[in-house]
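Each remark here refers to the structure printed beneath this line.
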Amino acid sequence: MSNKLLFNAATSRFLLAAYVLVLMPELHPGLANEWPWVAAYLLVVSAEQWLIWRGLGGQLRPIVGGIVDLIFITALVHWVGSVTTVLVALYFFACIVNMLVVSSRTGMWLTAFGAALYAMVVMLAATGTIAYGPHAPAGLIAAPPTFVQGVLASGTTATLLGVSGLIVGMLVSTNREREEALLDANARLETLSSHDTLTSLLNRRALIDQLGIELDALSPKRPLALAMLDLDKFKRINDERGHADGDALLVRIAHTLRESARDMDVVARFGGDEFLVLYPHTNMDDALVGAQRLVGAVRALGVSFDPERPVTVSVGLAAARVGDTAVTLLRRADEAAYRAKREGGDQVVPCAS
């Protein structure tokens, strides 16, 4: 649930209190005597607005707000005549608001609580325990309901509230489920757009975006290095053992790279059998140590996969320079990786400065 929805719900309470305090005394002059209760209601509403603004209260906050609303509505209905006023409709408004800001189950409990409060004031008036409509205009005062009329009025209202609550609850639940499904779908689309589907590493586009961000922040105190990794003898796996085994090996290599890199390093699949590792806040010497660790990890994995002809990796390492773009830095790392492969592979070759 959004704070905007909670804020709007609380704002509606301000409007209700203002209506009771300013306009209703024109129709029901006696209500002016109840201003302390209206002021207390306004104080509670103001406190809830403050809690919403500060992000405090959690799920308990809207529940307490709903209870206070129903108590205030019940007092208002009692003041003007519980079975002869259209203000009973406020219970239905409260039911809808509660369903929107709390769970459907809690909303139904609040609806039942409101129905019970209404039945209480109706039956108390019907039995003469409390005065009926003490602030209703003289010309509109009706006789208090009989016991049977009280039962019928409270029962009808409770039934209508229950049915309304069920309908609104189902609509709200359906809408929430659709919203959650849409959010999940958007999250999956976001993941698919930024991650490689085979290895679950970042894809080329996402890595280049991150590289651009790091290059914009490049400074002597914030160095940057990039490693291009090109697998050695990987094509043979696809040719001799099939693409299924080749894909399985790529997944294992991706996992090995991620496990061997530091938490701050960014590992991505560049395409095919090529990977990239971005070393933020890292100078060339430290990046070289990290890249050599990757070479050793891939070598160990290659030996376990095929001891006779293990897959290894050639790594080209380039340090970012002032004025570099993603394209120029990638080109230098790629050229260094090409030299590493040409010189036998299974090694790191730093780019000449």
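Per the numbering used here, the very first residue in the sequence shown carries number 35; after that it's consecutive.
No residue lacks a Cβ here, since even glycine has one placed at the ideal position from N, Cα and C.
Quick caveat: nothing in here was measured; it's all calculated off a predicted structure.
Would you tell me roughly how many angstroms separate the C-alpha atoms of Arg-256 and Gly-199, rounded to the nearest one?
59 Å
Nearest neighbour of Val-102, chosen from Phe-147, Glu-248, Ile-130 and Val-206 [CA to CA]:
Phe-147
Coarse secondary structure for Met-142, derived from DSSP in three states:
helix
Taking Ala-360 as the reference, which of Val-285, Arg-238 and Met-154 has the closest Cα?
Arg-238
With DSSP collapsed to three states, give me the class of Arg-296.
coil
Can you check which of these residues, Gly-89, Met-262, Glu-68 and Arg-95, is closest to Val-79 by C-alpha distance?
Arg-95
Thinking C-alpha only, which one of Asp-264, Leu-195, Met-298 and Val-117 is nearest Pro-168?
Val-117
When the distance is taken between beta carbons, is Thr-108 closer than 9 Å to Leu-11?
Because residue 11 is not part of the residues shown, which for the chain are 35 to 387, the question remains open.
Alpha carbon to alpha carbon, how far is Asp-299 from Lys-267? Give it in angstroms, no decimals.
26 Å
Which ranges does the alpha helix (DSSP H) cover as unbroken runs of at least 4 residues, wholly within the segment 203-266, from first to last along the chain?
238-250
Since I believe Val-383 is in contact with Ala-370 (beta carbons under 8 Å), could you give me their beta-carbon distance rounded to a whole number of angstroms?
5 Å
For the segment 307-315 against the segment 250-264, are there 3 or more C-beta pairs whose distance is under 8 Å?
yes
DSSP state of Leu-90 mapped onto helix, strand, coil:
coil
Is the segment 233-253 close to the segment 325-335, with three or more CB pairs under 8 Å?
no
For Gln-244, collect the residues of the same chain with a Cβ closer than 7 Å to its Cβ; drop the 5 residues on either side in sequence, then sort them by chain order.
Val-300 and Leu-312
How would you label Arg-296, buried or exposed, when you count the other beta carbons within 10 angstroms and need 16 or more for buried?
exposed
Beta carbon of Leu-124, beta carbon of Leu-134: below 9 Å?
no
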